[in-house]
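Below: one structure, written as structure tokens.
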Amino acid sequence: MSDVGIREELLRRFVESGERERVQELLKSKLNANGWQDEVRQMCKDIIKEKEPNPVTVDELAGELTPRARASVPENVKAEMLEQIQAFLAKALPQLDQ
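Residue 1 is where the sequence shown starts when you use the UniProt record's numbering, and the numbers rise one by one after that.
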């Protein structure tokens, strides 16, 4: 199986097993517990205030907010999500050979 084929099969299994949804819910929970959502909400308000009196489009807001928001994700949350995905891969990769 090619690298692309392996990647597609892993993604399919990640989604179909419900693991993707479980990891997404865990991520939301961890971000909320760390106050990240409130921090991002404040970033939005700050960006809008910086642009006053000019209106800000959703695309402009997303363009400025996305890099800031990603950079503000706590390192411990990033590490835990990586561990979760690696654990899934450790189980799923050997099964691809069968």
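Glycine included, every Cβ here is placed at the ideal spot set by N, Cα and C.
{"query": "So, Ala92 versus Arg13, is the Cβ gap smaller than 8 Å?", "result": "yes"}
{"query": "Quick check for students: name the residue ranges of the beta strand (DSSP E) that lie wholly in the region 27-89, counting only runs of 3 or more.", "result": "none"}
{"query": "With distances taken between CB atoms, is the gap from Ile48 to Val56 smaller than 8 Å?", "result": "yes"}
{"query": "Restricting to Cα atoms, I'd like to know which of Asn76, Ala62 and Thr66 is closest to Leu27.", "result": "Asn76"}
{"query": "Only counting the same chain, and skipping five residues up and downstream in sequence, which positions put a Cβ closer than 8 Å to that of Leu10?", "result": "Leu89, Ala92, Leu93 and Leu96"}
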